[in-house]
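One structure below.
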Amino acid sequence: MKKIPFLFILFIGFINAQKLTSHEISLINNGDVNTALPIYQTTDANQHNTLLSLSSEINPVDPNTAVLVKRMKESFLSTDGGVGIAAPQVGINRKIIWVQRFDKEGNPLEYFINPVIVWRSELQNLGPEGDLSIPEFRDQFYRSKVIQLEYVDLKGQKYSEIVEGFTAVIFQHEIDHLFGILISDKKEKEKNDSYKKVDAFKKSDSVTR
């Protein structure tokens with residue numbers, strides 16, 4: 680069977696990503712690239728609707744994508760205790776997230792474009808979660824202890840990695856945002872699921888994502 684070049688596959692993937700709308704481009708470029716985009720709240724009806732909407736893939740090599748990634752980081756850094764943020768939280772229903780990597784030395788902040796969880800462990804953690812977009816809401820949630828993640832960077836390079844512990848919880852929370860899933864609406868898993876309480880949380884219960 681004839682092999683299809685990897686770069687051609689990437690090109691097809693970029694074609695399948697819907698182009699940014701003029702409204703999205705306007706939001707992304709409204710202000711200086713080094714300034715934070717406002718974080719959407721469920722207390723505002725229009726913003727809440729955006730948070731509940733499905734996100735679509737984004738072309739990683741579009742120059743506007745780089746601007747969005749940069750400004751999302753500024754929004755992330757503007758929070759008090761946040762450990763992750765998703766593009767819908769800044770008003771753009773596109774598949775980009777930022778996560779603080781507690782599983783790496785120095786706990787760096789990293790971005791992920793078009794992230795997909797391709798595998799989740801049956802073993803579950805149970806732990807507290809909050810949300811930057813939901814004021815004063817916090818509850819206990821079940822999350823898979825280990826996940827396998829696939830994503831691309833701003834050059835379109837594809838990656839795959841295994842993540843576990845608290846960082847895996849953050850990834851699952853942020854990727855839920857890309858599907859319009861908020862923790863205020865999320866139901867806990869059945870109590871007979873296999874799980875163990877989170878011992879990987881490195882921040883207090885006030886962490887928000």
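What the sequence shown shows, in the numbering used here, is residues 680 to 888, in sequence order. Cβ atoms here follow ideal geometry from the backbone N, Cα and C, with glycine treated the same way.
Residue i versus residue j - alpha carbon distance
{"i": "P814", "j": "Y719", "result": "11 angstroms"}
{"i": "I849", "j": "T744", "result": "22 angstroms"}
{"i": "E808", "j": "S735", "result": "25 angstroms"}
{"i": "V712", "j": "K749", "result": "7 angstroms"}
{"i": "R780", "j": "R773", "result": "21 angstroms"}
{"i": "V704", "j": "H727", "result": "The residue asked about is misnamed: residue 704 is Ile in this sequence, not Val. Cα to Cα, the separation comes out at about 20 angstroms."}
{"i": "L699", "j": "P742", "result": "11 angstroms"}
{"i": "P717", "j": "V778", "result": "18 angstroms"}
{"i": "V797", "j": "N786", "result": "24 angstroms"}
{"i": "I707", "j": "I771", "result": "8 angstroms"}
{"i": "V825", "j": "S839", "result": "13 angstroms"}
{"i": "I737", "j": "L747", "result": "11 angstroms"}
{"i": "A724", "j": "S701", "result": "22 angstroms"}
{"i": "N709", "j": "K865", "result": "33 angstroms"}
{"i": "E784", "j": "D759", "result": "21 angstroms"}
{"i": "E867", "j": "E829", "result": "With a pLDDT of 40 at E867, under the threshold of 50, the modelled position of this residue cannot be trusted, and the question is left open."}
Enclosing beta strand (DSSP E) for residue i [first to last residue]
{"i": "F820", "result": "817–823"}
{"i": "V776", "result": "Correcting the residue type first, residue 776 is Ile in the shown sequence and not Val. Taken as a continuous stretch (DSSP letters only), the beta strand (DSSP E) holding I776 covers 775–779."}
Residue interval of the alpha helix (DSSP H) (run including residue i)
{"i": "A724", "result": "724–730"}
{"i": "V848", "result": "844–857"}
{"i": "K749", "result": "742–756"}
{"i": "L706", "result": "701–707"}
6 angstroms Cβ shell around residue i - same chain, five flanking residues per side excluded
{"i": "I841", "result": "Q827"}
{"i": "K837", "result": "V831"}
{"i": "Q697", "result": "S735"}
{"i": "L833", "result": "P739, A745"}
Sub-7 angstroms separation of residue i and residue j beta-carbons
{"i": "V769", "j": "S754", "result": "yes"}
{"i": "G859", "j": "S732", "result": "yes"}
{"i": "L811", "j": "G761", "result": "yes"}
{"i": "F816", "j": "S863", "result": "yes"}
Neighbourhood of residue i by C-beta, 8 angstroms cutoff - its chain only, sequence neighbours within 5 removed
{"i": "I776", "result": "G763, I764, A765, A766, Y790, F791, P794, F850, E853, I854, H856, L857"}
{"i": "S823", "result": "R799, S800, E801, L802, Q803, N804, A847, Q851"}
{"i": "L861", "result": "T721, L730, L731, D810, S812, I813, D855"}
{"i": "K752", "result": "W777, L788, Y790"}
Check: residue i C-beta below 6 angstroms from any heavy atom of the ligand FAD
{"i": "F791", "result": "The ligand content of the structure shown is nil, which means the ligand FAD is not present either."}
### Start-end ranges of the beta strand (DSSP E) lying completely within the region 759–807, minimum 3 residues
Listed in chain order, they are 763–765, 775–779, 788–799.
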